[in-house]
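K.L.:
In UniProt numbering, the protein residues as written are 1 to 511. The structure under discussion is supplied below as structure tokens; questions concerning it will follow.
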Amino acid sequence: MLACDSKLSAIRYKRYLDEVGLFESAIVMSPPDTREGHTEVDERKQPEIQTWWKENVGSQSEEDYTRNVIDRFENDPNLKLIIVVDKLLTGFDEPKNAVLYIDKPLKQHNLLQAIARVNRLHDQKKHGLLIDYRGILAELDTTLAKYDELAAENVGGYDPKDIAGLYSQMSTEYRELPALHKALWAIFDGVKNKSDIQQLRAVLMPRMVEEHGQMVDVNLKRRDDFYEALTKFAACLKVALQSVAFFEDTSFTEKDRATYKETLKQLTSLRQMVMQDTGEKVDFDQYAEQVKKLLDRHVAGVKVHESEGLYAVGKMGQKPDDNQPETWSEEKTRNETDLIRTRVTKMIDHEMQDDPYAKEAFSALLRKVIAEAESLFDHPLKQFMLFQEFEEQVANRKLENIPTVFDGHRHAQAYYGVFLKTLAAIFNHKQTDEENQRWIDLAFQIDTIVDKAVRENSLSRPDMEKAVRKELLPLLFSTGQKAGFGVDKAQEIIEQVIQIMRAGPADTLRS
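Following this line, the structure appears as structure tokens:
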């Protein structure tokens with residue numbers, strides 16, 4: 001927002017801005033027959049003002065015109081600046097109003113109100129900027145002192161807390177840059193070559209280890225610390241690069257400023273890589289857009305050194321099938337191996353809720369693969385190939401004791417897995433082909449029963465489960481009489497089928 005001292009000044013500012021053509025602006029002011037501003041000249045009869053009003057407001061009411069401009073300012077990204085005289089300096093709370101350019105006298109309460117408007121915060125706005133063309137900061141100090149006096153005298157409505165931290169010099173913000181820069185790079189203290197994006201990436205890569213029987217990512221907190229530190233650094237640098245004082249401050253050299261810009265570009269690129277690696281969904285959309293604009297405007301041509309080998313940014317987090325692992329550097333090979341290990345762990349932990357047997361079996365196999373990979377530490381390419389092969393096995397849910405007839409029939413396979421878990425005593429004895437075929441047929445029969453119950457009772461989960469129990473109890477009781485298990489085992493199988501149904505068919509239908 002630009003606050004100027006008269007309607008004529010507002011119109012001329014608008015004209016000059018239009019001639020420059022960098023962005024769109026709009027004027028909000030009262031009608032020509034209303035006294036506004038601080039000019040000593042009566043502007044009501046000046047032709048320039050009358051003409052502007054006729055061409056821009058026309059037959060609209062003042063209220064409708066003002067409301068339309070405010071609506072556009074809130075919703076239209078093309079409208080960057082509102083030019084005002086007196087209107088909107090109080091009671092205008094649009095968070096997008098991030099900068100107040102002051103080219104008019106402001107005093108006491110009106111001054112505080114105007115600053116409060118630009119200081120209105122929201123999630124993507126941590127502070128407002130005040131650009132003073134009239135030397136009002138001395139007046140601001142006087143106003144704040146007066147406010148404190150009134151509060152000390154217990155005058156009603158005045159509380160020092162209301163204005164605490166109302167404003168500060170931009171230098172107060174950007175002088176935090178060295179500390180923020182140091183804290184950001186401290187996350188990578190152990191990295192030998194900080195120009196190598198692969199070595200930096202390795203610090204933040206998901207690293208799954210087993211703790212108390214569960215696989216956990218030991219680098220999760222480090223990534224969170226990195227995201228937070230980078231966000232703070234980027235926000236501070238943004239303030240600095242908007243300040244002439246930053247470029248005139250002799251406590252910062254040109255080398256310092258170049259280093260800060262290079263750091264932002266390098267680590268923003270790293271952040272994008274890591275988030276693609278992990279598949280993490282962090283709410284950084286607004287942050288990313290702001291940093292992109294900052295990089296486009298202030299950080300051009302900064303070189304980020306790439307390690308040996310090819311690196312497909314667009315395929316981070318996916319199995320690298322567009323190049324040869326044999327050409328990768330050791331760092332990249334280890335990173336890609338860690339990435340597969342993380343994906344596999346997540347697949348087992350989160351995507352196999354609908355198949356308890358497969359989840360248990362693949363968890364045990366994962367521990368064996370990890371142990372084998374550790375013995376191959378000096379052979380990173382062999383580690384990569386080992387995990388790549390295991391990932392394919394997990395993705396296809398291929399297990400030695402699961403018949404291939406279940407390929408493409410995931411839920412039927414899960415019900416067959418229930419038999420293997422629940423009736424281990426039976427399956428520990430070698431099954432004839434005929435006996436095994438009966439279990440396969442039973443698994444597919446259960447799949448049909450569950451599918452029918454889900455479709456016919458999609459609006460009622462209790463009815464869905466009731467229908468499954470009603471069909472399965474006599475079926476499994478009859479099977480048990482022939483196979484040698486009783487009602488207790490039949491009930492146990494039914495409950496496990498219900499659990500699979502909740503995680504699989506029923507959940508799929510609901511989503």
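The beta carbon of each residue, even a glycine, is placed where N, CA and C say it ideally should be. Keep in mind that this is a model prediction, so the values were computed, not measured.
Which residue or residues does DSSP assign as beta-bridge partners of S25?
P.N.:
Against the sequence shown, residue 25 aligns to sequence position 25. Per DSSP, L81.
K.L.:
Since A414 and I494 should fall inside the 8 Å C-beta cutoff, what is the C-beta to C-beta distance between them, to a whole number of angstroms?
P.N.:
Working through the sequence shown from its first residue, we reach residue 414 at position 414. Working through the sequence shown from its first residue, we reach residue 494 at position 494. The pair is not a contact, with the Cβ atoms about 14 Å apart (cut-off 8 Å).
K.L.:
Would you tell me roughly how many angstroms separate the C-alpha atoms of C4 and T231, rounded to the nearest one?
P.N.:
For the purposes of this step, residue 4 is identified with residue 4 of the sequence shown, where counting begins at 1. For the purposes of this step, residue 231 is identified with residue 231 of the sequence shown, where counting begins at 1. Taking the straight line from one Cα to the other gives about 35 Å.
K.L.:
Drop a sphere of 10 angstroms on the beta-carbon of H350, count the other beta-carbons inside from all chains shown, and report buried for 16 or more, exposed for fewer.
P.N.:
Reading the sequence shown from its first residue, position 350 is the one you call residue 350. Label assigned to H350: exposed.
K.L.:
If you follow the alpha helix (DSSP H) that D18 is in, where does it begin and where does it stop?
P.N.:
Locating residue 18 in the sequence shown gives position 18, where the first residue counts as 1. First-last of the alpha helix (DSSP H) with D18: K7 to V20.
K.L.:
Given a cut-off of 8 Å, decide if I49 and P77 are closer than it, judged by their beta-carbon atoms.
P.N.:
Indexing the sequence shown from 1 puts residue 77 at position 77. Indexing the sequence shown from 1 puts residue 49 at position 49. No. Outside cutoff.
K.L.:
Determine whether the beta carbon atoms of T404 and L442 lie at a separation below 8 Å.
P.N.:
As a first step, residue 404 must be located in the sequence shown, where it is residue number 404. As a first step, residue 442 must be located in the sequence shown, where it is residue number 442. Going by C-beta atoms, T404 is not nearer than 8 Å to L442.
K.L.:
Compare the C-alpha of P105 against each of V99, V85 and A98 and name the closest.
P.N.:
Within the sequence shown, residue 105 is the residue found at index 105, counting from 1. Among V99, V85 and A98, the Cα nearest to that of P105 belongs to V85.
K.L.:
Between the beta-carbon of K87 and the beta-carbon of F23, is there less than 8 Å?
P.N.:
The residue you call residue 87 lines up with position 87 of the sequence shown. The residue you call residue 23 lines up with position 23 of the sequence shown. No, the pair does not count as a contact, with Cβ atoms beyond the cut-off.
K.L.:
Within its chain, find whatever has a CB closer than 6 Å to the CB of Y357; leave out the 5 residues flanking it on each side and keep chain order.
P.N.:
Stepping through the sequence shown from its first residue, residue 357 is reached at position 357. So the qualifying residues of the chain are G417, L420 and K421.
K.L.:
Hey, quick one: how far does the alpha helix (DSSP H) through I348 stretch, first residue to last?
P.N.:
By 1-based counting over the sequence shown, the position of residue 348 is 348. Note, I348: alpha helix (DSSP H), E330 to H350.
K.L.:
Beta-carbon separation of L177 and I131 under 8 Å?
P.N.:
Counting from one through the sequence shown, the residue named residue 177 turns up at place 177. Counting from one through the sequence shown, the residue named residue 131 turns up at place 131. No, they are not a contact pair.
K.L.:
What does a CB cutoff of less than 6 Å around S171 pick up in its chain, not counting 5 residues either side in sequence?
P.N.:
As a working mapping, residue 171 is identified with position 171 in the sequence shown. Cβ neighbours of S171 beyond the five flanking positions: A245.
K.L.:
Do you know offhand how far D159's Cα is from Y133's?
P.N.:
Sequence index remark: in the sequence shown, residue 159 carries index 159 (1-based). Sequence index remark: in the sequence shown, residue 133 carries index 133 (1-based). Below a pLDDT of 50, predicted positions are generally treated as unreliable, and D159, at 48, falls in that range; the measurement from the model is reported next regardless. Distance between the alpha carbons of D159 and Y133: 29 Å.
K.L.:
Alpha carbon to alpha carbon, what distance is there between Q383 and Q496?
P.N.:
The residue given as residue 496 occupies position 496 in the sequence shown. The residue given as residue 383 occupies position 383 in the sequence shown. Straight-line Cα distance between these residues: approximately 36 Å.
K.L.:
DSSP puts L130 in a beta bridge; with which residues?
P.N.:
Indexing the sequence shown from 1 puts residue 130 at position 130. In DSSP, L130 forms a bridge with L100.
K.L.:
Going by alpha carbons, who is nearest to M1 out of M29, E19 and G21?
P.N.:
One-based indexing of the sequence shown puts residue 1 at position 1. Of M29, E19 and G21, the residue nearest in Cα terms is M29.
K.L.:
Leaving out five residues before and five after I336 in sequence, what residues of the same chain have Cβ atoms less than 8 Å from its Cβ?
P.N.:
To locate residue 336, count along the sequence shown from 1; it is residue 336. The amino acid at residue 336 is misidentified as Ile; the sequence shows Glu. Within the same chain, E336 has close Cβ partners P320, P325, W328 and F384.
K.L.:
With three or more beta-carbon pairs closer than 8 Å as the criterion, would you say the segment 456 to 471 touches the segment 419 to 439?
P.N.:
Contact between the segment 456 to 471 and the segment 419 to 439 is absent, because fewer than three Cβ pairs lie under 8 Å.
K.L.:
Name the two residues that bound the continuous beta strand (DSSP E) containing D217.
P.N.:
Position 217 of the sequence shown, counted from the first residue, corresponds to residue 217. Segment Q214 to D217, the beta strand (DSSP E) holding D217.
K.L.:
By Cβ distance, which residues of its chain are closer than 7 Å to I340, with the 5 residues on each side in sequence left out?
P.N.:
Position 340 of the sequence shown holds residue 340. So the list reads F387, Q388 and E391, once near-sequence residues are dropped.
K.L.:
What does M208 pair with, by DSSP beta-bridge criteria?
P.N.:
Taking the first residue of the sequence shown as position 1, residue 208 is located at position 208. D217.
K.L.:
When the Cα atoms are used, what is the spatial distance from V218 to I498?
P.N.:
Taking the sequence shown and counting its residues from 1, one reaches residue 218 at position 218. Taking the sequence shown and counting its residues from 1, one reaches residue 498 at position 498. Spanning the two alpha carbons is a distance of roughly 34 Å.
K.L.:
Using 10 angstroms around the beta-carbon of G504, count the other beta-carbons present and answer buried if the total reaches 16, otherwise exposed.
P.N.:
As a first step, residue 504 is located in the sequence shown; it is residue number 504 there, counting from the start. Result: buried.
K.L.:
Buried or exposed, going by whether 16 or more other CB atoms sit within 10 Å of the CB of D407?
P.N.:
Here residue 407 corresponds to residue number 407 of the sequence shown, with the count starting at 1. With fewer than 16 other Cβ atoms within 10 Å, it is exposed.
K.L.:
Could you check the C-alpha separation between S251 and V216 for me, to the nearest Å?
P.N.:
Here the question's residue 251 lines up with position 251 in the sequence shown. Here the question's residue 216 lines up with position 216 in the sequence shown. Rounded to the nearest angstrom, the two C-alpha atoms are 45 Å apart.
K.L.:
Could you name the residues of the same chain whose beta carbon sits closer than 8 Å to that of F477, not counting the 5 residues immediately before and after it, in chain order?
P.N.:
Counting from 1 along the sequence shown, the entry for residue 477 is found at position 477. These residues qualify, in order along the chain: V487 and A490.
K.L.:
Measure how close the beta-carbons of P474 and T342 come, nearest whole angstrom, since I'm counting them as under 8 Å.
P.N.:
Working through the sequence shown from its first residue, we reach residue 474 at position 474. Working through the sequence shown from its first residue, we reach residue 342 at position 342. Actually they do not touch by this definition, with Cβ atoms about 45 Å apart.
K.L.:
State the Cα-Cα distance for the pair V203 and I370, rounded to the nearest angstrom.
P.N.:
Working through the sequence shown from its first residue, we reach residue 203 at position 203. Working through the sequence shown from its first residue, we reach residue 370 at position 370. Distance between the alpha carbons of V203 and I370: 19 Å.
K.L.:
Rounded to the nearest angstrom, what separates F226 and M208 at their Cα positions?
P.N.:
One-based indexing of the sequence shown puts residue 226 at position 226. One-based indexing of the sequence shown puts residue 208 at position 208. Approximately 18 Å between the Cα atoms of the pair.
K.L.:
Taking a contact to mean a Cβ-Cβ separation below 8 Å, would you say M273 touches R175 in this structure?
P.N.:
On the sequence shown, position 273 is the one that residue 273 refers to. On the sequence shown, position 175 is the one that residue 175 refers to. Their beta carbons are not under 8 Å apart, which means M273 does not touch R175 by this criterion.
K.L.:
Whole angstroms is fine: what's the gap from L184's alpha carbon to A235's?
P.N.:
If you number the sequence shown from 1, residue 184 lands on position 184. If you number the sequence shown from 1, residue 235 lands on position 235. Going by the C-alpha atoms only, they are around 13 Å apart.
K.L.:
For a test of the three-state rule: what should DSSP assign to L399, helix, strand or coil?
P.N.:
Stepping through the sequence shown from its first residue, residue 399 is reached at position 399. L399 falls in the coil class under three-state DSSP.
K.L.:
Take residue 535 as the anchor and find which of R502, L8 and L423 has the nearest alpha-carbon.
P.N.:
An answer regarding residue 535 cannot be provided, because it is not within the stretch 1 to 511 covered by the chain.
K.L.:
Between R334 and P380, how many whole angstroms is the CB-CB distance? I'm expecting something under 8 Å.
P.N.:
On the sequence shown, residue 334 is found 334 positions in, with the first residue counted as 1. On the sequence shown, residue 380 is found 380 positions in, with the first residue counted as 1. Indeed, because the Cβ distance is near 5 Å, the residues count as touching under 8 Å.
K.L.:
Should P377 be labelled buried (16 or more other beta-carbon atoms within 10 Å of its own) or exposed?
P.N.:
Reading the sequence shown from its first residue, position 377 is the one you call residue 377. The amino acid at residue 377 is misidentified as Pro; the sequence shows Phe. Burial call: exposed.
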